[in-house]
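Trainee: Quick mapping for you: the protein sequence lines, in order, are chains H and X.
Position one of the first sequence corresponds to residue 1 (the working numbering), numbered consecutively onward.
Position one of the second sequence corresponds to residue 137 (the working numbering), numbered consecutively onward.
Positions of the beta carbon are idealized from the N, C-alpha and C atoms, including for glycine.
I'd like to ask you about the structure that follows.
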Amino acid sequence: MRPVRVLVAKPGLDGHDRGAKVVAAALRDAGMEVIYTGLHQTPEMIATAAVQEDVDVIGLSILSGAHMTLIPRVQDLLREQGRDDVLITGGGIIPKEDMEALTARGIGRLFGPGTPTSELVGYIKGWFAEREKQEA
Amino acid sequence: MTTVKTGPKSAGGSIDAPENGASEDTAEMAKLRAEVEDWRRRYSKAELRDIAFTNSAREVQPLYTPLDAAETGADALPAPGSYPYTRGIHPTGYRGRLWTMRQFAGFGSARDTNARYKFLLAQGQTGLSVAFDFPTLMGYDSDHARSEGEVGKCGVAISSMADMETLFDGIPLDQVSTSMTINGPAVILYCFYIAAAEKHGIDSTKLRGTIQNDILKEYMAQHAWCFPIEPALRLIVDCFEWSATHAPQWNTISISGYHIREAGATAAQELAFTLADGFTYVERGIARGLDVDSFAPRLSFFWDIHNDFFEEISKLRAARRIWARHMKERYGAKDPRSWMMRFHSQTAGVTLTAQQPMNNIVRVAYQAMAAVLGGTQSLHTNSMDETLALPTEESVQVALRTQQILAYESGVPNVIDPLGGSYYVEALTTQLENEAESLFKQIEEIGGVVRGLETGWLQRKINESAARQQWEIEQHRRVIVGVNEFVTDEPELKIELLKIGDTEQHQREGLAKLRAERDGDLVKKRLVELSAAAKTTENLIPHILDCARAYCTLYEIRAAMEEVFGAYREPVFF
Numbered sequence: 001m002r003p004v005r006v007l008v009a010k011p012g013l014d015g016h017d018r019g020a021k022v023v024a025a026a027l028r029d030a031g032m033e034v035i036y037t038g039l040h041q042t043p044e045m046i047a048t049a050a051v052q053e054d055v056d057v058i059g060l061s062i063l064s065g066a067h068m069t070l071i072p073r074v075q076d077l078l079r080e081q082g083r084d085d086v087l088i089t090g091g092g093i094i095p096k097e098d099m100e101a102l103t104a105r106g107i108g109r110l111f112g113p114g115t116p117t118s119e120l121v122g123y124i125k126g127w128f129a130e131r132e133k134q135e136a
Numbered sequence: 137m138t139t140v141k142t143g144p145k146s147a148g149g150s151i152d153a154p155e156n157g158a159s160e161d162t163a164e165m166a167k168l169r170a171e172v173e174d175w176r177r178r179y180s181k182a183e184l185r186d187i188a189f190t191n192s193a194r195e196v197q198p199l200y201t202p203l204d205a206a207e208t209g210a211d212a213l214p215a216p217g218s219y220p221y222t223r224g225i226h227p228t229g230y231r232g233r234l235w236t237m238r239q240f241a242g243f244g245s246a247r248d249t250n251a252r253y254k255f256l257l258a259q260g261q262t263g264l265s266v267a268f269d270f271p272t273l274m275g276y277d278s279d280h281a282r283s284e285g286e287v288g289k290c291g292v293a294i295s296s297m298a299d300m301e302t303l304f305d306g307i308p309l310d311q312v313s314t315s316m317t318i319n320g321p322a323v324i325l326y327c328f329y330i331a332a333a334e335k336h337g338i339d340s341t342k343l344r345g346t347i348q349n350d351i352l353k354e355y356m357a358q359h360a361w362c363f364p365i366e367p368a369l370r371l372i373v374d375c376f377e378w379s380a381t382h383a384p385q386w387n388t389i390s391i392s393g394y395h396i397r398e399a400g401a402t403a404a405q406e407l408a409f410t411l412a413d414g415f416t417y418v419e420r421g422i423a424r425g426l427d428v429d430s431f432a433p434r435l436s437f438f439w440d441i442h443n444d445f446f447e448e449i450s451k452l453r454a455a456r457r458i459w460a461r462h463m464k465e466r467y468g469a470k471d472p473r474s475w476m477m478r479f480h481s482q483t484a485g486v487t488l489t490a491q492q493p494m495n496n497i498v499r500v501a502y503q504a505m506a507a508v509l510g511g512t513q514s515l516h517t518n519s520m521d522e523t524l525a526l527p528t529e530e531s532v533q534v535a536l537r538t539q540q541i542l543a544y545e546s547g548v549p550n551v552i553d554p555l556g557g558s559y560y561v562e563a564l565t566t567q568l569e570n571e572a573e574s575l576f577k578q579i580e581e582i583g584g585v586v587r588g589l590e591t592g593w594l595q596r597k598i599n600e601s602a603a604r605q606q607w608e609i610e611q612h613r614r615v616i617v618g619v620n621e622f623v624t625d626e627p628e629l630k631i632e633l634l635k636i637g638d639t640e641q642h643q644r645e646g647l648a649k650l651r652a653e654r655d656g657d658l659v660k661k662r663l664v665e666l667s668a669a670a671k672t673t674e675n676l677i678p679h680i681l682d683c684a685r686a687y688c689t690l691y692e693i694r695a696a697m698e699e700v701f702g703a704y705r706e707p708v709f710f
């Protein structure tokens, strides 16, 4: 099986990148191909990078409280470009009810503080294996 | 206690070889040495727990004795209030004055936050501290396209002097001290504050407070910037220069280790990188031709108080000593106020857990005690719910009460530097000082702080520490109660979270009204003047202040300077 391609992205003006960088390194160490966008990305920049880099997964890291605006925006832009096959997952300071609302509109799992990186790795690998099986 | 003078700069832990030589060994010392050797034999045969014993990449000894306590001589440990201030900058400690209880707060609109400030002041808080939202931190107005979804979310939205006036409505600015956590556009918000005070007839010389204004740590760790490094440093020196005469009671910078530590640095890295930033600002001030004693007394610091209790206390003691020594010996400062490190502390946000959030109250209490034992001038205690959302009024009250219990019930502030002379604390203070000195040398070798930021050397060091800590947690080398040990399956405790209303629409309407009502020609004129001055070496504060008075908005002022300075581009890596 080919390696999963993941775009780790920091949408919005939030500068907290400790989590994003730790996650990016953990996914890379787990054998995935990881691209990190750097800070202060607009949803447009993220969607464009995802399409250009032909990624399987976008991991969004948001600690600023802007998740209800920025995450759906990335999803809409990907849909517009016909790439709703890309898994959008992520994490940050996101209250549970917001997580549920986002999951209800087709966003993948969102992880809170204290999540072991092994859990993210397991989730992404599981999702990818499932998708490959369906495509085969 | 038995004081053993082993000479300055000798690290603790030299049990076998006394630096002064065996010839000076007294009978008492020989007895002590024999006892320690006997203890070590017994210790090394015993079974030990397999766990990391410290939060830093340093081993601590299982026992400290007079043999380890370097720097306990009069040179390093004079009375509190005397150089190099290891035991504190005030001869009275907290007996003269308690620390300032300063809770960092801001959310929604200026009006929402104004109500929270009045609540905190009514609860006995003694200073104000403004948290701005991300658009404000980056210099964007609330109606800028980049601000969408972020307005008022994790701080208060301030887009012009008009918002600043609302923020402090009914709060006498000549009677409170106000700290503002703002960096990239710090001088702009500073000018909004000064101009707002002016409208109430309060002169800038009467104002007391702090702007964080520490851009180097933004590039290093916190990441809210506007301009490239060199023009950003120029604005900071402009601020030092202007404030020396116009706002002599204002802290022109709060050189911050907090964000460096939160991003992953160890205690020693926090200490060294922050002080290296401080030295860089001092060097830039001197390079401008300023007398070091004209601005150094207004430099303040900000430390993160993490979990390792004694390490944090020692870090604060070491910080004071290093700053004093460098300011006096290296930069030739003559005014003792230039040697004294005054600082704010905040308990470590990164140590809070989303799991079992009530446990955070206990973590915060220990950290707060470490800050006080380290001699902090002011303190913010985090609230238990901050890994979930901005804190509610109830949880902020518990956090503030934690400080009040410490101040009035624990007895801790009764004695000045009560851990001074502890074998462990003195040895660790010296060890942290030595580790910082060794990191200063490495920073010098790579070409200084600015070069270290451009090449990413400093950022990489912090990332490496963050990655190691994550590994330790996942390997259970480091226990986080409720996260990787003592985990419960019970549903998380229900605590009510703060909800923020629609600030964005409110701000958009306010800005539209402001733009319609202000003198448009004057706004244009002021902005053109600012751009023109930015091309010269003139001090920009008077020009920014004129823009503020004319109700130019935050982003308009940023853009007028960006036209000349350009914008910062981050080196991206992980």
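Taking Ala129 (chain H) as part of the beta strand (DSSP E), name the residues at either end of that continuous run.
Mentor: Element bounds for Ala129 (chain H): not the beta strand (DSSP E) but the alpha helix (DSSP H), Thr117 to Glu135.
Trainee: Given a threshold of 16 other Cβ atoms within 10 Å of its Cβ, counted over all protein chains shown, does Leu663 (chain X) qualify as buried or as exposed?
Mentor: buried
Trainee: DSSP three-state label for Ala147 (chain X), please.
Mentor: Residue placement at Ala147 (chain X) is flagged as unreliable, the pLDDT there being 40, under the threshold of 50; the coordinate-derived value follows with that caveat. Coil at Ala147 (chain X), not helix or strand.
Trainee: Alpha carbon to alpha carbon, how far is Asp204 (chain X) from Thr565 (chain X)?
Mentor: 11 Å
Trainee: At 4 residues or longer, and completely inside the region 528 to 589 of chain X: list those alpha helix (DSSP H) runs for me, N to C.
Mentor: The region 528 to 589 of chain X contains these whole alpha helix (DSSP H) runs: 529 to 544 and 559 to 581.
Trainee: Which chain H residues are close to Leu309 (chain X), counting only those with a beta carbon under 7 Å from its beta carbon?
Mentor: Neighbours of Leu309 (chain X) on chain H: none; closest Cβ ~28 Å, over 7 Å.
Trainee: Per DSSP, Thr236 (chain X) is paired with what?
Mentor: X:Ser514
Trainee: Could you give the distance in angstroms between the alpha-carbon of Asp14 (chain H) and the alpha-carbon of Ile636 (chain X)?
Mentor: 17 Å
Trainee: Consult DSSP for Glu698 (chain X) and reduce its assignment to one of helix, strand or coil.
Mentor: helix
Trainee: For the alpha helix (DSSP H) that contains Leu509 (chain X), what are its first and last residues?
Mentor: Asn495 to Leu509
Trainee: Any C-beta of chain H within less than 8 Å: which residues of the region 282 to 302 of chain X qualify?
Mentor: Within the region 282 to 302 of chain X, the residues whose Cβ lies closer than 8 Å to some Cβ of chain H are Arg282, Ser283, Glu284, Gly285, Glu286, Lys289 and Cys290, listed in chain order.
Trainee: With DSSP as the reference, label His480 (chain X) as helix, strand or coil.
Mentor: Residue state, collapsed to three classes: strand.
Trainee: Does the Cβ-Cβ distance between Phe709 (chain X) and Gln595 (chain X) come in under 9 Å?
Mentor: Going by beta carbons, Phe709 (chain X) and Gln595 (chain X) fall inside the 9 Å limit.
Trainee: Please confirm whether Thr489 (chain X) has its beta-carbon closer than 9 Å to some beta-carbon of chain H.
Mentor: Flagged as an interface residue toward chain H: Thr489 (chain X), by a C-beta distance shorter than 9 Å.
Trainee: Once you ignore the five residues that flank Lys671 (chain X) on each side, which residues in its own chain have a CB closer than 8 Å to its CB?
Mentor: Val700
Trainee: Out of X:Pro433, X:Leu509, X:Asn495 and X:Ala412, which has the shortest C-alpha to C-alpha gap to Val617 (chain X)?
Mentor: X:Asn495
Trainee: With a cut-off of 8 Å on the beta carbons, I'd call Phe363 (chain X) and Gly588 (chain X) a contact; round off their distance for me.
Mentor: Phe363 (chain X) to Gly588 (chain X), Cβ: 19 Å. No contact.
Trainee: Do Gly59 (chain H) and Val22 (chain H) have their beta-carbon atoms positioned less than 9 Å apart in this structure?
Mentor: no
Trainee: State whether the region 434 to 447 of chain X contacts the region 392 to 403 of chain X, with contact taken as three or more CB pairs (one from each stretch) at a distance under 8 Å.
Mentor: yes
Trainee: May I have a chain-ordered list of the alpha helix (DSSP H) segments no shorter than 4 residues that lie completely inside the region 80 to 109 of chain H?
Mentor: 96 to 104
Trainee: Three-state secondary structure (DSSP) at Thr346 (chain X)?
Mentor: Correct three-state label for Thr346 (chain X): strand.
Trainee: If you run the structure through DSSP and keep just helix, strand and coil, what is Ala9 (chain H)?
Mentor: strand
Trainee: Under the rule that 16 or more other beta-carbon atoms within 10 Å means buried, what is Leu63 (chain H), buried or exposed?
Mentor: buried
Trainee: Just to confirm the assignment: which complete alpha helix (DSSP H) runs, minimum length 4, are found wholly within the region 283 to 363 of chain X?
Mentor: 297 to 303 and 322 to 335
Trainee: Could you name the residues of chain X that Thr69 (chain H) contacts, counting a contact when the two beta carbons are closer than 7 Å?
Mentor: Glu284 and Gly285
Trainee: List, in order along the chain, the chain H residues whose C-beta lies closer than 7 Å to that of Gly400 (chain X)?
Mentor: Arg18
Trainee: Taking all protein chains shown into account, do 16 or more other C-beta atoms lie within 10 angstroms of the C-beta of Asp299 (chain X), making it buried, or fewer, making it exposed?
Mentor: Buried, because 16 or more other Cβ atoms sit within 10 Å of the Cβ of Asp299 (chain X).
Trainee: With which residues is Ala241 (chain X) paired in a DSSP beta bridge?
Mentor: X:Val266
Trainee: Whole-angstrom Cβ separation of Pro95 (chain H) and Ala669 (chain X), contact assumed at under 8 Å?
Mentor: About 46 Å separates the two Cβ atoms, so there is no contact after all.
Trainee: Going by Cα to Cα distance, which pick from X:Glu354, X:Gln358, X:Ala368 and X:Val323 is closest to Ile714 (chain X)?
Mentor: The requested residue 714 (chain X) is not part of the displayed model; chain X covers only 137 to 710.
Trainee: Pull the bridge partners of Asp440 (chain X) from the DSSP assignment, please.
Mentor: X:Gln482
Trainee: For chain X, check one thing: does any of its Cβ atoms lie closer than 9 Å to the Cβ of Asp76 (chain H)?
Mentor: No, Asp76 (chain H) lies away from the interface with chain X (no Cβ there is under 9 Å from its Cβ).
Trainee: Taking just the CA atoms, how far does Tyr230 (chain X) sit from His382 (chain X)?
Mentor: 30 Å
Trainee: Assign Ile318 (chain X) to one of two classes, buried (16 or more other C-beta atoms within 10 Å of its C-beta) or exposed (fewer than that).
Mentor: buried
Trainee: Does Phe431 (chain X) pass the burial test, meaning 16 or more other C-beta atoms within 10 Å, or should it be called exposed?
Mentor: buried
Trainee: Residues of the region 84 to 117 of chain H in Cβ contact with chain X at a cutoff of 7 Å, in chain order, please.
Mentor: Ile93, Pro95, Gly112, Pro113, Gly114, Pro116 and Thr117
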